[in-house]
Every structure is written in C-alpha cells, then in structure tokens.
C-alpha cells in the first residue's frame, strides 16, 4: 500500500502551504483565474487534473502546475487550463476548414492549424454525387480527382486517435471541396463551438466558420460573382479581421455588427485595415450591440 | 391485421382454402392486387390524407408446390399435407413521392444468380432474391426454421460480387460468433466485431452486434461509407424494452443509399415496418411474409399427473376439442386428488409442494415416454436456469448414449476443454456437466460457462445429445432443430411477474421442433399444471405473433452524441423513429375516436328532465363528492401512519379492513398480531413494512382456494346493520385470520375484545368473532373511534385543516339540492358513466399527444435540463468537457460514471477497487444481497458511488423526470464487487465464483462487460487528458483480462 502512495498512478493533490516567488497564487491576482506555465494551481483534495496541467513533486507532496498560459477552468473536481492563444485543439464533432498539403497512403493530409496535420481518409469522404464506393485499387490511384494538393476542404473532426492524430471525415454532402471564395484565418479561440457553423449572412455572403480559425467566405448563389458581391465578401473578410485583432468572439452576429457599422460610417473596404478604423468600428459595433 | 388472418384460418396451415381469397389485411392503406386481378394504373396517386407523404404499396401472393427437396410426405393422412404447397405474400411499399409505376409480378429471377444453391428454393426465397437482384430492400418474415439464412447469404453474395461491403448484425454476441463461423466457411472474406473480439475488421462482410453498428454510425466510421447492404437478423428483437431502441437508432442513422435485409420472425404488422423503411429511407421496401413451416407440427398437451399425451392441434393446424377436454379432465382429477392429500395445509405450502413434487416426475415421465416412442432428440424448455439444471439432474439415472456416441462426446469435450488452462479444467461446472453429456443429456442456459454452452451446441448439432434442457435463449439463432420440443411450464417470469406464455414466444420456441428433411413432423408437448381456457390454449398453440411495437426511448449517450455533431439534432431522430411513424398512422383514427367519445359523453344525460335538478348542480355536487372522498383518504393516510397507530394495534383491537386495490371490504375484525418485516435493502414504503394479522369474517372455506373472500357486505356499510341480507346464509361465514398491510386499515375503533389464546380451532375463532359482532351491536349508530388528536396524539396541524375542509365539503354536499333528489342513484350512475368516458378520452388524448411528438419532445426537454444542470452541455446545447467524457461511455450509466470520474474519488483508489466499483454498473441480474460483506475499501468506494448516484438521481427527479431516487441508487448492484476485486487480485475463477451467489456464466458475462466498460473509460479519460487515471484504469483492465472469462469462443 505504501508503495502505491508514491506511484504516479495514485495521488492526492495537497494544497501547497508555501508558494515560491514566481508562483503567486493566481486566485489572488484577479477574479479571472489566469495562469502561466510553471505557476502552481491551487487545488483541493481529490482534484482530477486535465489538459494543460502537470503533476509534479513539490516541497510538500505533489503540486499541480500549469503547462500553458490561460484560464483555469474547473468542472467538478476537474482542473484544466484553457489556453488563451494556441494552435487549434481538435475535438470530435468540430467543423474545420483545411488545406490539403499531401496525398499519400489512401489519405489526404490536411493543414488545419493544429499542432499536427490532420488526415482525411479516402474512405471517409463522400464521392461526388453520393456514389457508392467500391473497394478497388482505382480509387486510390485517382485520389487527385477529388482533392488536389492546395485545395481547401471543409470537414468534420471524426475522432482523435489514440496516438494523438486527428481523423477528419465529410459526414454529408455539405462538406467537401471549397472554391470560388476567400479564406480568412483568425485565432481559433475566437470561433466558438456552436450548433451551426454554416451561415448565410444577411448581406448574401456564405460563411463557413471553421473551429480551427479558418473561415471561408463565398457567394450564396452559384454562378459568376459580381463586383458588388466581391466587395461584400471583402468587407466581411475585413470585418472578421477587425474582430480578430480586437480579440472579440467571431460569430454571424458580431461579424454583421462590424459590417453594418463600417457601412454606416461610410468606411471604404480598403480602409478597414488601419488600426484606428478597426478600433473605431469595433467600438461602434459594441455600442450597437449593447444598445440592441 | 391479425384478426383478419386468424378469421381466415391463415396460420400457414391450410393454404388451399386461403388461396382463393386475397388475404391482405390492411387494405385501407394499400392497393393490394391479387395476381389474377388487373393492376390499377394509378397506384401511387392514392395517398392517405395525412400531412406526411405516406408510403403506398402493392402486393401479390405467390404460391409454389413443394420444392424443399425433402421427403415431406404425410404419414397416414389421405389428403395432401399442407407442406406440399408453400405460399408467401409479397408486398412492396413505395415511398410517398415514388413516381414510377411498379409492377411487382414482373420481377424476374436473375439469369446468372450471385449465388447458386444445391437445392431448389422455396417461393418466399425466390421472391426475396428477385427483390435483392433489383437492388431493393426487403423484409422477410418467416418462422425460425424456414430458411431465412439463404436470403442473407444471397445479399452477401451480391455485395461481394459488386465489390461492396456488407454488414450482418445479430442481437447477441454469441449469435454473432456462430454466424461468423458459418459465413466464414461460406465466403472467407468475413470479419467479426463484437464487444469482446475483433477479427479481420477490413473484411468485406462484417458480422457484428447491433450495438457495435450503432457506435460505428455515431462515430461516422468509414465502414459505414462503403457498405451497400445491411442485414438485420432477428429484427423483431426491436420489441425488447431495454435494447430495442438500438435497432431503431441504427436503422435511422444508416445512410440513405444503403439497402436493407431484415430477417424477422412472423410479425403481423410486417407491412407497417416496410412502410416505415420506405418512408424513412425514401426507397421501395418489399415485405415477404410466409407462415408455412417446412415441417408440420403436432401439438400435444400433457396434463400434470396425467397418464399421457393428448394431441390437441394436429399437423394441419386443427384444434381437437375432444382431446383437449380429455386432457383438462385428467388435470381436474389430479387436482382433486392433490387437494384431498393436501387437506388442511396452508395454500402456499401446498403450491410449493405441487411445484417440485409431482412436477419432477412429470418431466421425467414425459422424457421417458419420448425416448420410448423414439421422438428424440428432444429440447426441453424451461423458463428458469435453476429448474433447467434440476430437471437435467433428475435424468442423470438414464443413459441415452451408445458406446460410440460416448466416445465421440468425450473426444469433442476433451478437445474443447483442453484449450483451457489446467486449473480451469477442474471447475466444478465442467466436471459436473461432463457426466451428463456422456449420457446424451445436455444443459444450455446463460448461467453456463461460454465454453460449455458452445460444446453443448456443437454436440447437439452433431446429434450426439438426445435430450437437451434449455432456456428460452436457445430458441434464437443458428439452425439447431430437434424432433421434439417440450415446454415444462406455460408460465414464465418476465422480470416483473409470472405470466402466461405469449403466442409469439411459443412459435419461436416450437420452431425448433422438426428437422427439415429428416422428420416427417415436429412434435411439441406442452406440460400443463393448471386449467387452461380453450381460447387461451388456442392462442398459445396456434401462435399468432404479437405485432412489432416500437420501444423507442431517449438515452443520454445518444443525446450527447447527436448534439455534438453539427446539425444532427435529436429531434431529427425522434421524428424519424418507428414510434413516431406508428403514432402518425394512428393519428386520424385517434382523432376520430376522440370526437366520437366526446359526442358519446355529451349524449349521456345528467340531471335535468324529471329529476328536478339542473345539470350544473349535479356536476358540482359530484365534483365536491369526489374531492371529499379524496380528502378523506388523505386524512386516513395521515392518521394511519405506523408511528401513530402501531401502539394501538394491540391484540383484540377492533379495526375495519378494506383492501382498496381489490375492493374487498372485510368490515370489522379483531387484531391478532402485528409483525414488522426485517428492514430489507429493497426499501419499502413505511406502511408496507408491517403486516398485521387480523381475524376477519370471510366466506366459509374461501381460504382453501387462494385468498379468503370477505363475507358479503352491503356496499358502503360502515357497521353491521345491513349485514342481514336475506340471500346470505349466516352459517356460511367463517372467521379467519388473514394478514394485511397497514394501508388496508380503514378505521380504528376504541373497542378491544378479548382474544382467545389459541385461534386454531374454528370454534375459538368464532367466539372471538361473536364478541366483535356483539361489541358492534352495542353501538348501533356509530362505533366509537379513536380520536386522532386526543387518543393517537397526532399534533400535525395539517390534519386539523384537512378535517375542517372535509367538514366544509360535507356541508356543501348536504346543502346541494342534489343531495335531496329522489333519483340520487340514477344521477350517480350517470355521473360514473361520464367519468368512465372521460377516462377514455384522456387516454386517447395522450395517444394524440404521442402522435404529435409532444411526449417525446417534452422528455427531450427534461433530459436536456438534466444535462445542463449537471454541466454536460451549456445553455446553447453545446457539449462541454463533461459531455465529451460521457459520449465515450455507452455500456453503462454514462451520467453517474462521468460524475464519478470527475468527482476525484477514483484518484486514491487501487486499480482493483476501480474495477470493482465499475462492476456495479454492469451487473444486471439478481437482487442486492442483503448479507453482502464488503471489504473496507470496497465498502467506502461503493458508498461514494451511492453518493454520486443519489445526486444524479435527485437532479433527474428535480428536472421532472419521474424516477424514484432510491430505486435508481439501488440499480447499482454491489454483488459482483468482491468477485471483480479478487479476480483482479489474482484469485482463481473457482475461488471467485464462491464469493457471490451468481452463475458461472453470469460472472463471466459481468467480467466481459466490465472489460468493455473499462476500455470506454480509458477513452473517456484520454479525452480529458489525465494520464495518471488512464494508466490506473488500464492497469485494472489488464489485471482483469486473463483466464477463462476471456477465453476465445470456440466458433472464432
């Protein structure tokens, strides 16, 4: 039994009695429990540590330290650190937009802004027209018929495999190759998980809000894209970038608020990128929001 | 639908007379076309007036002459036997917007079939193959032995020919193993996936359990993308209350372009099911129905204690009334004899004696007779595993094996057992069963070690076992026929009560009788120890199967999995469920019924006319009356709490007894004794814990057959005044001591009478009874009652308020003109009639609510509330960290397990203790053992589990989901904790089996499920990123996974 106490498999996290200088108790700093790598996270008995934390031997028993900078989040006895800024962390069921970087071994390797490339198996895509897959070699040879290197593809995270790799799939015909549009990349934290990630904005722009921070804008209707539509898409893109630089959550509402404010203030699309304008339209959008 | 078929006598027994009439039942929804009739051109245009496009369908009947290739000839019958003609019904259900005309009789057999058979096919098989070749879904409903496998094999051949994948699902792991073996021999490119094993998962044909298919569908596994055919075997399993929903979910989630093959027992509403598929998947779905048996059956009755067998239903399906009556007479005479023998012994003792006394020899006699008549091999079905073993042991004196058989049996057995390690080879069950097997006697039930079960199956298939004692599970799956099937009882325990065998169950089990190509007829023998109504007997024996009813229900795991995927919301699944489909179809009929009922209700007069009172007066009077009755009951309940009245239930206290449930009014009686039950773990409400023995007046002699009946009272009489009704002869009364619960007390008088110390003689009881009567006679107006406040010492203020309310109501009642009305009785009658109608209306309204999806939507709302309150999802229904954990767990209660996992209590536990705690989630049989002594650490672990379960239960209850928190907590059964713990600690299998009162097979099943659960837990813990806990659970899992419980199936 004695041996067990010291083994890593069984542990009890004790509240540290004395804290070292560089590890000030986070909770005293502010009401938002923000922590940085190496800081000790105050815990109660029976805490269950989760991502972003590390159990290490302190002066008086085991202590929990943060491995990431971010907000401490607690659910029941679960303690984890949610990073404020990081690469995308995939979860099952997320909608992502990715770029094909490599094709090999019956799979498309995709850049989804995560720490690793995700993969989309040939068997995990819907063939054009919903044709039933037949199991033969030809498909593998013709993989580039469906997606080529450099293509943008929307997909859903199927699962995180045991080895940490991420499998994608295109669950329905709504997913697949993206074309005739614009990709905007933002910090992935700003795109929240929601019931819907495919939106048609009131201005006629179709957006796919990828959880990985890749946002794809295109025209709702098929066919040639008019100049006016190009301007609208550009305005939406700049609105999103404005939100990104101001660290405001990106959703259809916030995008449209910035979009409308910029229109109301008569800001040209090309001028939307300067820091002053960004600040002013975001403030304007916020007040509009609050007024509503 | 079944009515119609029954009335035509269409149970596959007399197709000749049938063939003249089209026997398509639900005509209202279809345009059934008989082969000879001209097809209507506008087949699809006639849509039912529903908002949803309902499938329409067309159909034909097909008959063919005997093509079974076997020598099925009648023994002595002059006419041709029914089996020379096999007939089947073929319908196609088209989706509502199907535009093309469909000519069903134009379907052709393929010129180059995907698979050829050495025998010629039955008509239903040919019809099915025609549909498969057209690449369309098909539901085949036929008896177990009819040869449905042919169709499944053909579908597999088609898929393999087209380079596509095919999934074969079966309801039980063991069946999957058998099927895998069978298909593997046939096709070779076959894989197996069950919770226990995965073999060759890249194969083109995958055999799996339905649960695995469901989880693959939720995960969006690539297999699902490549699959072109899904075969659901035994799809009637969808009725199962626990697991039925898995079928429904899977069918809903399978992609639209997949084709189905459903194999089912005969279900009368097969067509409805096909229409659901047509509607759901927007594709034609064929129904092929046949209820002919390849081998005709003869049904015998064996009355208990009787002399022999009575042929009750002959091979043509005719009911032999005279034979039936003879059997019943024999039964009567044995009963009489027994009665004489039993004499004055109390009834419960007698029943027990009857059960295992003569019953034993009965079974022995029947088997002996079967052997004498050379009706072997025989399968003896009984409904309890213990009975099964006991009966087999009775036979152990007999020996049915020849020397050669004996050698073969020994060899097969030794080969199988040799794969176990040495220690396990000496398990008592293994050594015990070998002695039976050697004699040609087998046992097969779920309590056996899987390896023994499989050996028994193999031996039986080889014909080495002459007599097999089995439970119901043996009636499913692989083709293992016998010549004779015996039912040892007509009652089975279905989890909540002993009930008579249903026709469908009888059909399924009797399907094992008659070996195709060997026997001329199959024999079923029903051993019967109680009187059967001819209608009941006919219902059981002619076995009309029950319709397939959806058992759809929502589960948390399902909900979370749906919520987490983009825009696949639970309402989608609900709206597409068979439950909703069936309710939708009943909608117009229900609305009509509601209208009729309301009209009927309003047509019942209430007051008015010559009664002299207005309707509204009558209504308000009776409403007040109902309320006052209710309040009175409340008052009674408040007063009759054990804590108040127990001190007053002394010997001789005169109390009034009325069993509300049976509406038995015993009137006044004297208390004899008051017994407190031991406080069991199964908590009972306070007032049921006590039993009071009361001397009451009953009909003389009524205690000999069941519960005593009260001596007739005039209804509503509260005293003895009205007892002298001329019809009742005083001499027929008898004072008998009965036991009641406190709930049955209706009044507590202030009187006590002297109780005789010995109440056994009738005279003494009568004396006490007389003194009760005498005491009551002295108070002709009202009996002095115990005052709730001054006597019982109740200080509850609410009671005083209640009493005042009752008083006020009574005054209001007296004041009403209705109370003085001379036609009071008539008014009351009218009122009750109306109330009855109102009840019916309520029921129909509920049905309507179900149909409109309100019920399920409400439930969904409540369940989401639970998830939100426990933090599994947030306010926008987005799945949170906790929800993601719960998504991984689907073999046990996901909510409690997640709470336990994140509650931190597992941190400090030893891996073996973690495993032991998890065992509470997977053990699903047996009551909680009251005398269970747990090790200290196990007890504390179990206690913390109970705390968590109580919290989850309370939140559930607070979210308006009707559950009993205590029952919920008790559903976590600690019986197997020690077993799991010590197994992980390295004890031997025989040692752990002694720790709990469980069958070896149950222990193994529990450990296997445990291993599956632990695997899911590892995945769950991984999703939160806690390596320490992950390692711990994996350590537990690897300690668990050893030895005989995880010994691979012989089939694999």
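Chains as they are written, first to last, in the UniProt record's numbering: chain A, 1 to 292; chain B, 1 to 1052.
Heads up, the beta-carbon is just placed ideally off N, CA and C, and yes, glycines get one too.
- Annotated three-state conformation of residue 104 of chain A is strand, per DSSP.
- As computed with DSSP, residue 422 of chain B is found in no beta bridge at all.
- For the options A:187, A:230, A:164, the alpha carbon positioned closest to that of residue 243 of chain A is the one of A:187.
- Proximity of chain A to residue 1029 of chain B at the Cβ level (cut-off 8 Å) is accounted for by 48, in chain order.
- Contact between the region 136-154 of chain A and the region 171-188 of chain A is present: 3 or more CB-CB pairs across the two stretches fall below 8 Å.
- In this structure the region 995-1004 of chain B does not touch the region 947-966 of chain B; the number of beta carbon pairs closer than 8 Å is below three.
- Within 8 Å of the CB of residue 159 of chain A, the CB atoms of chain B belong to 219, in sequence order along the chain.
- Each residue's CA atom was taken as its position, placing residue 1023 of chain B and residue 917 of chain B some 21 Å apart.
- Contact annotation: residue 1040 of chain B and residue 949 of chain B have beta-carbon atoms that are not nearer than 9 Å.
- Interface with chain B (9 Å Cβ-Cβ cutoff): residue 156 of chain A is included.
- Sequence-distant partners of residue 235 of chain B (beyond 5 residues in either direction) whose C-beta falls short of 6 Å from its own C-beta, in its chain, are 262, 264.
- A direct Cα-Cα distance of roughly 30 Å separates residue 927 of chain B from residue 1048 of chain B.
- From the beta-carbon of residue 565 of chain B, the residues of chain A found nearer than 8 Å are 93, 156, 171.
- In this structure, the straight-line span from the alpha carbon of residue 502 of chain B to that of residue 540 of chain B is close to 6 Å.
- Within chain B, the residues 876, 878 have their CB atoms less than 8 Å from the CB of residue 194 of chain A, given in chain order.
- Using a Cβ distance threshold of 9 Å, residue 556 of chain B and residue 284 of chain B do not count as a contacting pair.
- Across the set A:102, A:34, A:87, the C-alpha of A:87 shows the shortest separation from the C-alpha of residue 113 of chain A.
- Note on residue 93 of chain B: 16 or more other CB atoms within 10 angstroms of its CB, so buried under the neighbour-count rule.
- Here residue 220 of chain B is not near residue 202 of chain B, since their CB atoms are 9 Å or more apart.
- In this structure the region 860-868 of chain B does not touch the region 34-42 of chain A; the number of beta carbon pairs closer than 8 Å is below three.
- When A:102, A:127, A:234 are compared, the shortest CA-CA separation from residue 118 of chain A is found for A:102.
- Think of a sphere of 7 Å around the beta carbon of residue 101 of chain B: no beta carbon from chain A falls inside it, the nearest being about 25 Å out.
- One Cα belongs to residue 167 of chain A, the other to residue 204 of chain B, and the distance between them is close to 22 Å.
- Comparing alpha-carbon positions, the option among B:656, B:739, B:603, B:985 lying closest to residue 911 of chain B turns out to be B:985.
- The C-beta distance from residue 201 of chain A to residue 255 of chain A rounds to 7 Å, short enough to meet the 8 Å contact threshold.
- Secondary structure of residue 887 of chain B (DSSP, three-state): helix.
- Straight-line measurement puts the Cα of residue 84 of chain A at about 42 Å from the Cα of residue 245 of chain B.
- In the DSSP annotation of this structure, the continuous segment of the alpha helix (DSSP H) that includes residue 762 of chain B starts and ends at 762-778.
- For the C-beta of residue 76 of chain A, the chain B residues within less than 8 Å are, from N- to C-terminus, 871, 882, 899, 902, 903, 904.
- Taking a C-beta cut-off of 8 Å against chain A, none of the residues of the region 588-605 of chain B qualify.
- Going by beta carbons, residue 278 of chain A and residue 231 of chain A fall outside the 9 Å limit.
- Taking 7 Å as the Cβ-Cβ cut-off, the region 112-127 of chain A approaches chain B at 121, 123, 124, given in chain order.
- When Cβ-Cβ separations below 9 Å define contact, residue 1022 of chain B makes contact with chain A.
- With respect to the C-alpha of residue 874 of chain B, the residue from A:258, A:75, A:237 having the closest C-alpha is A:75.
- Residue 738 of chain B sits away from residue 671 of chain B, with the two beta carbons spaced by 9 Å or more.
- Contact annotation, residue 417 of chain B with residue 395 of chain B: C-beta distance approximately 22 Å; criterion of less than 8 Å not satisfied.
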